[in-house]
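>
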Ligand code: FES
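Protein chains in written order, with this note's numbering: chain A, 21 to 323; chain B, 33 to 146.
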C-alpha cells in the first residue's frame, strides 16, 4: 500500500514560549518531548509519539513526515524518488526523536519529506479497551489529530506527478487555468479516504501555506472559533465552508505567523473516484464556497 | 501616550501602553493591508520615518532582517512605539474602516476612505 498518512509536521517558530501557549493551551496538544530549542506534541486521538514539532528560529516548514505501511515500502519509494530525479538520503533511527529508519526526499518544490515506518507507540488518551469517545479533561480546542498540509510550489504539475508516481497518492480535486490544455495551478491529493493528505497551489518553492487539524464537525469548528477569540488568536478566514473538499474551516495564525487550520467534514474518496476539476475563474468559490471571495491574505501569505 | 502618524495620509492617533501600531490603528477605526498580524509574513512591512519602536514579542529575523531594521523598516503588527513615531506605508494607504471609532478616538476621519 505504501504511504498511509501524514505523520508529523515540523515547523519553525520565533518564540517557543508563546508557541507553547498556542499549541498547548489554545489548541490543547500535549507535550511529549522537549529539547532546549524544540517541543514535540501529539493530539489526544493519535497513537504515535508525536505529530507536531516546533523548532525555535524563524518561521516556516522544516519538513513533513509520512508513515508507510511496511518497512519494505521505504526501499521502493527511495528507488522511485531517485528515478524521478530527486535527492534522497537515508535517515537512521534517532535522527528524529522516537522515529526509526527512513528516507528523506527533497521534493521538486524544495520541500523536505521524510518517509518512515517505525515510530514509538504511545497510544491515544482514551485507550483501546472500552474507550470513552473523548478524554474528559481536554484543554482549549482539544484537537484530536493533524489532518493535512498545503504547500506552495512553482510547478504544481511536476509536484502532482511526484506524489502520484513516487508516493502513490491520487489527485482528488484539481484546479486548472482552463479546461482542455490549461495549466495545473493546484492539486488536492489523497493517500487515504479523505479529500486531501497533501495539497499544493502555485507559488514560491519551499513554503508552507498551512497545516490543519481535524475536528469532528461544524459545531466543533464554531467552538474552536470561540477559543480563538478568548485567546486573541489572529484569525485569517472563517468559519466558512470550502467548495474544494467541502470541508468546514477556520484559518488562523500561530504566534510566529505560521498559518494553521481547523478542518471538519469533507467527503470520502476511494481509489476509483475520478478527480474533480475546478477552473481558475471559479477558484474563489472553490476555496471559500459561502463568501465566494478570496481575501488577499489567503493567496499571498506563506511562511 | 506616544502618537503614531501614518504617511502618506498624515493620519495621527494615540497609542496606549504596550499597544502595537496595528492595534492602535485598529482601535481608532483604521486599517491597512496586513497578513498574519504576528510578525511572520512581512506583508505589513513599512518604513519608520521618525522615532523608534520596540518588539516586545520576537519577530522572525528572516521576515525583518537586521539590515532592514538598520535602514528603518518595521513591522507595524508587532512594533510598539517608544515615543512619537511617523510611519510611511509601502504601496498602500490607510483606510478608515469605522468612522464611529475614528470619531471616538480622535483620529481625523475625513482622511482615508473605507
Ligand atoms: S502582518 Fe505579517 S508580519 Fe505583519
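Using N, Cα and C, we set each Cβ at its ideal position, and we do this for glycine too. Values in this document were obtained by computation on a predicted structure and should not be read as measured data.
#1: Rounding to the nearest angstrom, what Cα-Cα distance links residue 6 of chain A and residue 274 of chain A in this structure?
#2: For the structure I just gave you, are there three or more beta carbon pairs, one from the region 126-141 of chain B and one from the region 39-55 of chain B, closer than 8 Å?
#3: Using a Cβ-Cβ distance cut-off of 8 Å, determine whether residue 56 of chain A contacts chain B.
#4: Residue 109 of chain B and residue 52 of chain B - do their beta-carbons sit closer together than 8 Å?
#5: Does DSSP classify residue 131 of chain B as helix, strand or coil?
#6: Excluding sequence positions up to five away, which residues of its chain have a Cβ less than 8 Å from the Cβ of residue 307 of chain A?
#7: For residue 59 of chain A, decide whether its Cβ has a neighbour in chain B, counting only Cβ atoms nearer than 8 Å.
#8: Starting from residue 285 of chain A, follow its DSSP beta bridges and name the residues at the other end.
#9: Output yes if chain B places a C-beta closer than 8 Å to the C-beta of residue 321 of chain A; else output no.
#10: Please confirm whether any heavy atom of the ligand FES lies closer than 7 Å to the CB of residue 76 of chain B.
#11: Cβ of residue 66 of chain B within 7 Å of any heavy atom in the ligand FES?
#12: What residues from the region 77-101 of chain B come within 8 Å of chain A, judged by C-beta to C-beta, listed N to C?
#13: Can you tell me the Cα-Cα spacing of residue 212 of chain A and residue 137 of chain B, whole angstroms?
#14: Under the rule that 16 or more other beta-carbon atoms within 10 Å means buried, what is residue 116 of chain A, buried or exposed?
#15: My guess is that residue 23 of chain A and residue 88 of chain A are in contact by the Cβ rule of under 8 Å, so how many angstroms apart are they, rounded?
#16: What residue from A:259, A:279, A:137 has the CA that sits closest to residue 93 of chain A's CA?
#17: Kindly say whether residue 45 of chain A, judged by its beta-carbon, lies nearer than 8 Å to any beta-carbon of chain B.
#18: Take the Cβ of residue 141 of chain B as the centre, count every other Cβ of all protein chains shown within 10 Å, and call the residue buried at 16 or more, exposed below.
#19: Under the three-state reduction of DSSP, which class applies to residue 43 of chain A: helix, strand or coil?
#20: For a test of your reading of the model: does the CB of residue 277 of chain A fall under 7 Å from any non-hydrogen atom of the ligand FES? Yes or no.
#21: Determine whether the Cβ of residue 30 of chain A lies closer than 8 Å to any Cβ atom of chain B.
#22: Could you pull out every residue in the same chain whose Cβ sits closer than 8 Å to the Cβ of residue 39 of chain A, ignoring the five residues on either side in sequence?
#23: If I follow the unbroken alpha helix (DSSP H) through residue 94 of chain A, where does it start and stop?
#24: One question on the structure: do residue 61 of chain A and residue 43 of chain A come within less than 8 Å of each other, judged by their Cβ atoms?
#25: Rounded C-beta distance between residue 316 of chain A and residue 65 of chain B? I'm assuming under 8 Å.
#26: Taking residue 207 of chain A as the reference, which of A:282, A:254, A:196 has the closest Cα?
#27: Please state the DSSP three-state secondary structure of residue 167 of chain A.
On the basis of the supplied data:
#1: Here chain A covers residues 21 to 323 and nothing more, so residue 6 of chain A does not appear.
#2: yes
#3: Along the first chain, one-based indexing puts residue 56 of chain A at 36. By the rule that beta-carbons nearer than 8 Å mark a contact, residue 56 of chain A does not touch chain B.
#4: Numbered from 1 along the second chain, position 20 holds the residue referred to as residue 52 of chain B. Numbered from 1 along the second chain, position 77 holds the residue referred to as residue 109 of chain B. Contact: yes.
#5: Numbered from 1 along the second chain, position 99 holds the residue referred to as residue 131 of chain B. Three-state DSSP puts residue 131 of chain B in a helix.
#6: On the first chain, residue 307 of chain A is found 287 positions in, with the first residue counted as 1. Result list for residue 307 of chain A: 262, 263, 264, 314, 318, in chain order.
#7: Taking the first residue of the first chain as 1, we reach residue 59 of chain A at position 39. No, because no Cβ of chain B sits closer than 8 Å to the Cβ of residue 59 of chain A.
#8: Start at 1 with the first residue of the first chain, and residue 285 of chain A comes out as number 265. A:267.
#9: Numbered from its first residue, the first chain carries residue 321 of chain A at position 301. It does: the Cβ of residue 321 of chain A has a partner Cβ on chain B nearer than 8 Å.
#10: Translated into positions along the second chain, residue 76 of chain B becomes position 44. The answer is yes for residue 76 of chain B.
#11: Locating residue 66 of chain B in the second chain gives position 34, counting from the first residue. It does: the Cβ of residue 66 of chain B is within 7 Å (strictly closer) of some heavy atom of the ligand FES.
#12: Answer set for the region 77-101 of chain B: 89, 90, 91, 92, 93, 94, 95.
#13: If you number the first chain from 1, residue 212 of chain A lands on position 192. If you number the second chain from 1, residue 137 of chain B lands on position 105. Rounded to whole angstroms, the gap between the alpha carbons of residue 212 of chain A and residue 137 of chain B is 53 Å.
#14: Taking the first residue of the first chain as position 1, residue 116 of chain A is located at position 96. By the neighbour-count rule (16 or more Cβ atoms within 10 Å), residue 116 of chain A is buried.
#15: Locating residue 23 of chain A in the first chain gives position 3, counting from the first residue. Locating residue 88 of chain A in the first chain gives position 68, counting from the first residue. Yes, residue 23 of chain A and residue 88 of chain A are in contact; Cβ-Cβ is about 6 Å, under 8 Å.
#16: Counting from one through the first chain, the residue named residue 93 of chain A turns up at place 73. Residue 93 of chain A has its Cα closest to that of A:137, out of A:259, A:279, A:137.
#17: In the first chain, residue 45 of chain A corresponds to position 25, counting from 1. At a cut-off of 8 Å between C-beta atoms, residue 45 of chain A does not count as an interface residue with respect to chain B.
#18: On the second chain, position 109 is the one that residue 141 of chain B refers to. Legend: pLDDT at residue 141 of chain B = 47, less than 50; position of this residue unreliable, no value from coordinates given.
#19: For this step, residue 43 of chain A is matched to residue 23 along the first chain. Three-state result, residue 43 of chain A: helix.
#20: Position 257 of the first chain, counted from the start, is the residue given in the question as residue 277 of chain A. Answer for residue 277 of chain A: yes, Cβ within range of the ligand FES.
#21: Looking up residue 30 of chain A in the first chain gives position 10. Taking CB atoms only, residue 30 of chain A has no neighbour in chain B less than 8 Å away.
#22: The count along the first chain starts at 1 and reaches residue 39 of chain A at position 19. So the list reads 33, 59, 74, 274, 275, 276, once near-sequence residues are dropped.
#23: In the first chain, counting from the first residue as 1, residue 94 of chain A sits at position 74. First-last of the alpha helix (DSSP H) with residue 94 of chain A: 92-104.
#24: In the first chain, counting from the first residue as 1, residue 61 of chain A sits at position 41. In the first chain, counting from the first residue as 1, residue 43 of chain A sits at position 23. Cβ distance < 8 Å, so residue 61 of chain A and residue 43 of chain A count as in contact.
#25: Mapped onto the first chain, residue 316 of chain A falls at position 296. Mapped onto the second chain, residue 65 of chain B falls at position 33. Rounded, the Cβ-Cβ distance is 7 Å, consistent with contact.
#26: Within the first chain, the letter at position 187 stands for residue 207 of chain A. With distances taken between Cα atoms, residue 207 of chain A lies closest to A:196.
#27: In the first chain, counting from the first residue as 1, residue 167 of chain A sits at position 147. Reduced to three states, the DSSP call for residue 167 of chain A is strand.
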